[in-house]
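So the structure is just underneath, and the comments pick up after that.
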Amino acid sequence: MYETLKYISKTPCRYQSPETVRDFLVAMKGHKLTKAEKLQLLNHRPVTAVEIQLMVEESEERLTEEQIESLLQTVTSILPGDPEEQQRDSAMATEGKGDQA
191 MYETLKYISK
201 TPCRYQSPET
211 VRDFLVAMKG
221 HKLTKAEKLQ
231 LLNHRPVTAV
241 EIQLMVEESE
251 ERLTEEQIES
261 LLQTVTSILP
271 GDPEEQQRDS
281 AMATEGKGDQ
291 A
């Protein structure tokens, strides 16, 4: 148990609340995924279709491109990201706009 908590404390999962997990699982009801696949999506937070294909068994046969995009949208809209990473991305985007002026 300690090793699991130690690992999770280094991932974006540490920002999840029970409410966030519940909201995610409710949103996943429309998708025909196994419990293990939902858990992988919850823990790994995929951002590309390739990552979904790696986590969902036989995804090419089971999911359309639209369903994969829907899954990605659900993951990114419901699950909180790493605030430090988001702040870094925001700062980089702001710097990029300043360079264009």
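Those letters in the sequence shown? Residues 191 to 291, per this note's numbering, in order.
Glycine included, every Cβ here is placed at the ideal spot set by N, Cα and C.
| query | result |
| --- | --- |
| Local conformation of Met191 per DSSP, three classes | coil |
| Cutoff 6 Å; reference Lys228; Cβ partners in own chain excluding five residues on either side | Met218 |
| Spatial distance of Glu248 from Lys196 (CA atoms) | 31 Å |
| Anticipated Cβ contact below 8 Å, Phe214 with Leu269, distance rounded | 6 Å |
| Spatial distance of Pro208 from Glu250 (CA atoms) | 31 Å |
| Alpha-carbon spacing of Val222 relative to Arg212, whole angstroms | The amino acid occupying residue 222 in the given sequence is Lys; Val does not appear at that position. In a straight line, the C-alpha of Lys222 is about 17 Å away from that of Arg212. |
| Span separating the alpha-carbon of Asn233 from that of Gly220 | 19 Å |
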